[in-house]
Amino acid sequence: MEERDRISELPADILDKIMGKLWIEEAATMAVLNTVWRDAWYSLTEVAFDASFHYILYCDFIKNPDKWHDIVNDYFKKHNGNIKRFDMYFGQQVYRGDFDKLFLSVTKKGVQELDLQIYSDDDRNYRLPPCILKCSTLKTFYACGVKIDQITPRCMFPNVTFLSFDLVHFGASSLQHHAVDLPKLQRLTFSRCTDISHFNITAPKLGILSIEKCYISGDDDVEEEEEDDYYSDDDERDSDDSCSSGGDDNNDMFCYNPTNEKDKPVGGFLPANLDLGSVSRLHLCCNAIWGVVDDFGRKGLQMPMLDVKYLNLSAPWIRLAYLW
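Given below as structure tokens:
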């Protein structure tokens, strides 16, 4: 009996789902062996250059970091169609500041979910380009190890419903005195972030808020960026773990403590214009509890004004959950 490739006879949308679930090495191998699979490979709606991709070529990355960029750029030059979800993880070995053009291509392909994770041993945080902030199709965005500062867009995350920030640094920006409305945001999480008060937003539909192990910069000097207008409206270029109350000599960062008046920033712990009245599920860690309570106290608001149905309080020594 003649052997037949019955999988290749499946509808294109089924092939897309199969290829999207394969490890990137397996998907690339299938694309090389079969022309039908090759077409599916270059029209995937879910693309992931994730940890498995890094593991496969780890040694090559160290010897030649450009190889990573060449592979990714070559793929997107040949890709046709829309991309619904894009995951990209990279570390210090492949870090370079030329990803803006890549993300511009992704945002033009109708991306709805974006997972960007950067792992670096130094302070070279990647600054989010304007094309991501302004992407009108983006609905879910997970960012790890990036920097958000000098933001002055008229429109930011216009259709995003879920934002998750991990190890993100929010630098001083013009948003300190001008809040940006995120009309569709329903869920917002901060984990191990710095200066979340600089992320000055309003979110009338926000229902879930989580703040865990976030900190305030102790340095009053704001580092000036090389390009002050990096996030201007006209920019369309293509291109440690737990809270500790003392004994730490690291003055750059500290857990929030409302009794530390001399170090308390003017903007407080939370974004100044973020109204928690719509939040029904609230998760706070130890230092976030201090920050939120103190912010409400300074604004003259009473905590019972919150309409929280589920409250989760966590600390190194205790974890409480309340359900009303």
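Mapping the sequence shown onto this note's numbering, position 201 (from 1) lands on 201, and the numbers just tick up by one.
C-beta atoms are modelled at their ideal positions from N, C-alpha and C, and glycine is treated no differently.
Note that the coordinates shown come from a computational prediction; the quantities given were computed from them, not determined experimentally.
List the whole-angstrom C-beta distance separating residue i from residue j, where the pair is believed to meet the contact cut-off of C-beta under 8 Å.
i    : j    : result
Y215 : T189 : Not quite, the Cβ-Cβ distance comes to about 16 Å (not below 8 Å), so this is no contact.
I118 : F86  : Not quite, the Cβ-Cβ distance comes to about 14 Å (not below 8 Å), so this is no contact.
L114 : F157 : With a Cβ gap of about 11 Å, L114 and F157 do not count as contacting.
Y75  : F99  : No, Y75 and F99 are not in contact; Cβ-Cβ is about 14 Å, not under 8 Å.
L167 : R187 : Not really, about 19 Å apart at Cβ, beyond 8 Å.
V111 : K84  : 7 Å
V146 : L102 : With a Cβ gap of about 14 Å, V146 and L102 do not count as contacting.
I148 : L163 : Not quite, the Cβ-Cβ distance comes to about 11 Å (not below 8 Å), so this is no contact.
D276 : L209 : Looking at the sequence itself, residue 276 is Leu, so the reference to Asp does not match. Yes, L276 and L209 are in contact; Cβ-Cβ is about 7 Å, under 8 Å.
N200 : A179 : 5 Å
K134 : N159 : Incorrect: roughly 11 Å between the Cβ atoms, too far for contact.
By the DSSP assignment, the alpha helix (DSSP H) with residue i in it spans what residues?
i    : result
C131 : P130 to L133
T107 : D100 to T107
Report the three-state DSSP secondary structure of residue i (helix, strand or coil).
i    : result
A172 : coil
L209 : strand
L188 : strand
Y310 : strand
Y75  : helix
V292 : helix
S278 : helix
S197 : helix
D70  : helix
F269 : coil
C243 : Note that C243 scores a pLDDT of 36, beneath 50, so its modelled location is shaky; the value from the coordinates is reported in the next line. Looking at C243 - three-state DSSP - the assignment turns out to be coil, as it is neither helix nor strand.
W41  : helix
The beta strand (DSSP E) that contains residue i, what's its start and end?
i    : result
C285 : Premise fails: C285 is in no beta strand (DSSP E) and is neither H nor E.
V47  : E46 to F49
DSSP beta-bridge partners for residue i?
i    : result
C144 : Q117 and D166
T202 : D181
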